[in-house]
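These protein sequences, in sequence, are chains A and B. Residue numbers 1 to 578, in our numbering, belong to the letters of the first sequence in order. Residue numbers 579 to 741, in our numbering, belong to the letters of the second sequence in order. All remarks here apply to the structure that follows.
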Amino acid sequence: MELLSGGDMLVRALQDEGVDLIFGYPGGSALHIYDAIFRQKSIKHVLVRHEQGATHAADGYARATGNTGVVLVTSGPGATNAITGIATAYMDSIPMVVISGQVPSEKIGEDAFQETDMVGCSRPIVKHSFLVKKAEDIPAVVKKAFYIAATGRPGPVVIDIPKDVTNPVDRYPYQYPEKLRMRSYTPAGKGHAGQIRKAVALLLSAKRPVIYAGGGVVQGDGSELLTELAQRLNFPVTNTLMGLGAYPGTDKRFLGMLGMHGTFEANTAMHHADVILAVGARFDDRVTNTPNKFCPGAKVIHIDVDPASISKTITADVPIVGTVQSVLGEMLEMLKSSKEMPDQSAIVDWWRQIDDWRERHGLYTAPRYRTDGDMIMPQEVISAVHQITGGDAFVTSDVGQHQMFAAQYYLFDKPRRWINSGGLGTMGFGLPAALGVKMAHPGSEVVCVTGEGSIQMCIQELSTATQYNLPVKILCLNNQALGMVKQWQEMQYEGRLSNSVYEESLPDFIALAEAYGHLGMKIEHRDELHGKLAEAFAIKDRTVFIDVYVDPTEHVYPMQVMPSGSMRDMWLSKTERT
Amino acid sequence: MRRIISVLMENEPGALSRVVGLFSQRGYNIESLTVAPTEDATLSRLTLTTVGDDHKIEQITKNLNKLIDVVKLVDLTEGSHIERELLLVKVRATGAQRDEVKRSVDIFRGQIVDVTSNMYTVQVSGTSEKLDAFLQALGEHTIMETVRSGVSGIARGEKVLSI
Ligand SMILES: Cc1cc2nc3c(=O)[nH]c(=O)nc-3n(C[C@H](O)[C@H](O)[C@H](O)COP(=O)(O)OP(=O)(O)OC[C@H]3O[C@@H](n4cnc5c(N)ncnc54)[C@H](O)[C@@H]3O)c2cc1C
Ligand SMILES: Cc1ncc(C[n+]2csc(CCOP(=O)(O)OP(=O)(O)O)c2C)c(N)n1
Ligand SMILES: [Mg+2]
């Protein structure tokens, strides 16, 4: 058997795991590992400018590909800088392996230079973690880490490795384990056949059904099955923020997003539904509004790979623990072999009702924003980009109003195209995530929709884009404020804008982009919007920062009434309420 | 309702902190906790008591099961079971008190395990309720120090928690 040092073993194990891309940042405790990376060819390492950027880039890469993202950081500040990105991945169930250097074993606990208890710091935001005690354990730990990260409900796994464990002098026999046995970890696979049969019967009896599909359908590659099921039954579909793209956004059965900033038709249909099929969605508080007023007449079928997601906030009438692929597959088979169909006239009536809601307040039946004047409206920027990119771009986003406008107006027809931080809502996610996506799909259009607030949280990654020649579009919906915060202050604090504006301190983003070697473009007038966007998107080989000045007074609507509203209680504009 | 949850988990460093962390992270309370290795040295058994309605207990057991180190668990309070807790208490005992204390110890089937001229150290085992009752019977003024082990439990009959 081959003899390798701990550092070389780690890199070899990553290769054997099929890893070809790592995002990271070096430092003392990780230097043996960095040297091992230098001495090999097959894994590419992307040097970011801040460890938070590494985690978001790996996360973006994972969301766009379905592969596990890999991060390498040093101990202490390197590890703590990674925390926000680990938490972001954890909240959205994204597979990621984070390798952190640690101070040498004999120094652990002595407040050594750059020592932090990484396993402790990250404990509440990881699916699992390992502290490697000896080099011989490395292959098995790596194998387990990747298996845990990607199976069941995916999530981040931390591997913390003391420096002495990777030292280049001591060598050990290396063999990558082929098989893995973990008696304490058996992720769910197939759903219970009896439960699936019950669910199918309930679906067939439905008169006012809604399919509520979430991020689990995207991450679990269940979109095709979901689409087939919805079309076969002619049921309406709504997606969560994380589920956008799980069902084609331009299909007539798509009601738009549901929840706090969901469409009128999606939220109202949910409220009146008699059967809700929840797939890979976790009844988040941004979706349900007040739980005891949630969909009073509905029977709920809930498919989720994680039993703890089921009946957590909303009790499921038919719980099904299993992967979306296997459960939806079985449901379809049962439907096909039974040849039964739901009551067609009831479904037709239901559609008539939904179309009426769409007509009244739907986001896609008429513009629900101002269409006169010189001021550019943020919604129309997104629609224009949708048109210019043929609806086929990878769109990453930061957090705020711009995120909601992107979610509402860029109608995603395919899964893994919409990449945003939903659960943690991490400002700073968009740009590094876009770089990760671009690494995975160099030939595809990648757009980061951001705000002038969010972009400043990871703007240093413009330099990474330069180094690795990653031509992404940065579309900044510049409303000169922390717009989402300002909206809440205007709606709930009588307009007291406490620390949500910058008082003329914004940088010149065009000059800034140019300083990093990129192109900058400013768009201020409505009549130049389409022309200039087309110009920017025609540039394929440069990173372009498009700074669009949008109406700073615009709010995101619909917005559910909180606290204590039901799903259908919404503000439709500054003055109109349901 | 009070529940006794018994957990079989990998005897790995960090496993206990994940269990304890889960409880604080999700706002569940732990009333008592005991943990020790089992006859199989790769496994340890953890017993905890907690209170919560059915919904909360369901979430607790689901989230415990989700921890990678947890191999198996059982809510002992769901079936008939035996529960035991150990109490050691130092009681001031001088003069006439010495007999009084002794009588209480006998009634509760405890043992005096250490003696000085001024005090007894008493050991009592049983359900938590019984230990509470014993302490009450002693009367507060005589108690110098108490230590309780936390609850351990096992199902009655043939049912076992093993892998
Ligand atoms: C400013 C802001 C506003 C927001 N407004 C809204 C809003 O209006 N509407 C909205 O929907 N969200 C909104 N969110 C996002 C919200 O916070 C949640 O992140 C989101 O609702 C959760 O989406 P989800 O239910 O699809 O769950 P996810 O977080 O995507 O979880 C996926 C679920 O699927 C399960 N799963 C994973 N893989 C599989 C598999 N293979 N098989 C089966 N199950 C699987 C997981 O166990 C999990 O339960 C907002 C966020 C921000 C930052
Ligand atoms: C790291 C972080 N800090 C604070 C917040 C709270 N927050 C949510 S939206 C928002 C404003 C974002 O401003 P901007 O990026 O300009 O977007 P806009 O809402 O103006 O479109 C803030 C501060 C957050 N989500 N993330
Ligand atoms: Mg802004």
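C-beta: ideal position from N, C-alpha, C; glycine also. Keep in mind that this is a model prediction, so the values were computed, not measured.
For residue i, go through chain A and note every residue whose CB falls closer than 7 Å to its CB, in chain order.
i: B/Gly731; result: Those do not exist, as B/Gly731 stays about 21 Å from chain A at its closest Cβ, beyond 7 Å.
i: B/Asp647; result: Ser184
i: B/Glu588; result: Ser184
Check whether the Cβ atoms of residue i and residue j lie closer than 8 Å to each other.
i: A/Thr240; j: A/Gly565; result: no
i: A/Ala308; j: B/Gln603; result: no
i: A/Val449; j: A/Leu477; result: yes
i: A/Ala64; j: A/Arg416; result: yes
i: A/Val279; j: A/Leu328; result: yes
i: A/Ser5; j: A/Asp170; result: yes
i: A/His435; j: A/Ala465; result: Here residue 435 of chain A is Leu; the residue named in the question, His, does not match the sequence. It is a contact, given that the beta carbons lie within the stated cut-off.
i: A/Asn469; j: A/Val550; result: no
i: B/Ile582; j: B/Leu654; result: yes
i: A/Ser505; j: A/Lys486; result: no
i: B/Thr699; j: B/Lys668; result: yes
i: A/Met567; j: A/Pro558; result: no
i: A/Thr116; j: A/Thr80; result: yes
i: B/Asn641; j: B/Pro615; result: no
i: B/Val679; j: B/Leu713; result: no
i: A/Phe130; j: A/Asp160; result: yes
i: B/Asp658; j: B/Arg580; result: The question names Asp, but residue 658 of chain B in the sequence shown is Ser. No, these two residues do not count as a Cβ contact at 8 Å.
i: A/Arg253; j: A/Ala230; result: yes
i: A/Leu226; j: A/Ala201; result: no
i: A/Glu461; j: A/Leu431; result: yes
Going by alpha carbons, who is nearest to residue i out of the options?
i: A/Arg542; options: A/Val19, A/Thr578 and A/Gly443; result: A/Gly443
i: A/Gln219; options: A/Trp488, A/Gly436 and A/Pro95; result: A/Pro95
i: A/Thr380; options: A/His530, A/Ala278 and A/Lys438; result: It is Glu, not Thr, that sits at residue 380 of chain A in the sequence shown. That would be A/His530, whose Cα lies nearest to the Cα of A/Glu380.
i: A/Ala82; options: A/Leu10, A/Val165, A/Asp92 and A/Asp59; result: A/Asp59
i: A/Gln408; options: A/Arg39, A/Ala266, A/Glu340 and A/Gly85; result: A/Ala266
i: B/Leu709; options: B/Leu624, B/Ser695, B/Gly599 and B/Arg662; result: B/Arg662
i: A/Arg123; options: A/Asp92, A/Ala150, A/Ile108 and A/Val158; result: A/Val158
i: A/Thr151; options: A/Met182, A/Glu452 and A/Cys121; result: A/Met182
i: A/Gly520; options: A/Ile510, A/Asp527 and A/Glu528; result: A/Ile510
i: A/Asp8; options: A/Val556, A/Ser100, A/Pro77 and A/Pro139; result: A/Pro139
i: A/Pro342; options: A/Leu203, A/Val73 and A/Val141; result: A/Leu203
i: A/Ala536; options: A/Arg526, A/Lys522 and A/Gly155; result: A/Lys522
i: B/Gly592; options: B/Val648, B/Ile685, B/Val683 and B/Ser730; result: B/Val648
i: A/Gly451; options: A/Val437, A/Gly483 and A/Ser463; result: A/Gly483
i: A/Leu363; options: A/Leu255, A/Gly222 and A/Ile310; result: A/Leu255
i: A/Thr553; options: A/Gln15, A/Pro378 and A/Val318; result: A/Pro378
i: A/Leu10; options: A/Phe146, A/Asp356 and A/Asp413; result: A/Phe146
i: A/Leu411; options: A/Ala433, A/Gln387, A/Met427 and A/His402; result: A/Gln387
i: A/Leu14; options: A/Ile99, A/Gly390, A/Gln52 and A/Met1; result: A/Ile99
Below 8 Å on C-beta distance, what does residue i contact in chain A?
i: B/Asn641; result: Ala308
i: B/Arg596; result: Arg123
i: B/Ile741; result: Arg183
i: B/Gln603; result: Pro124
i: B/Gly630; result: The contacting residues do not exist; B/Gly630 stays about 14 Å from chain A at best.
i: B/Gly599; result: Arg123 and Pro124
Taking Cβ-Cβ distances shorter than 8 Å, what residues in chain B pair up with residue i?
i: A/Leu131; result: Pro591 and Gly592
i: A/Ile148; result: Ile646
By the criterion of Cβ-Cβ separation under 9 Å, what are the contact partners of residue i in chain B?
i: A/His128; result: Arg596, Leu645, Ile646 and Asp647
Which chain B residues sit within Cβ distance under 7 Å of residue i?
i: A/Lys312; result: Gln637
i: A/Val119; result: Gly592
Problem set entry | Contact between the segment 367-379 of chain A and the segment 211-218 of chain A (3+ Cβ pairs under 8 Å) | Fewer than three Cβ pairs drawn from the segment 367-379 of chain A and the segment 211-218 of chain A lie within less than 8 Å of each other, which leaves the two stretches out of contact.
Problem set entry | Inter-stretch contact (C-beta, 8 Å, three-pair minimum) for the segment 6-23 of chain A and the segment 390-397 of chain A | Short answer: they don't touch.
Exercise. Are three or more beta carbon pairs between the segment 186-194 of chain A and the segment 25-39 of chain A nearer than 8 Å?
Worked result: Verdict: no, contact absent.
For this session: Count the C-beta pairs between the segment 412-430 of chain A and the segment 358-369 of chain A that are closer than 8 Å, then say yes if the count reaches three, no if not.
Result: The segment 412-430 of chain A vs the segment 358-369 of chain A: no contact.
Exercise. Is the number of C-beta pairs between the segment 66-73 of chain A and the segment 90-110 of chain A that are closer than 8 Å three or more?
Worked result: They touch, by the three-pair rule.
Exercise. With a cut-off of 8 Å, do at least 3 Cβ pairs link the segment 585-604 of chain B to the segment 683-695 of chain B?
Worked result: Using a Cβ-Cβ distance cut-off of 8 Å, the segment 585-604 of chain B and the segment 683-695 of chain B are not in contact, since fewer than three pairs of beta carbons, one from each stretch, lie closer than that value.
Exercise. Does the segment 664-684 of chain B come close enough to the segment 722-731 of chain B that 3 or more CB-CB pairs lie under 8 Å?
Worked result: The segment 722-731 of chain B is in contact with the segment 664-684 of chain B.
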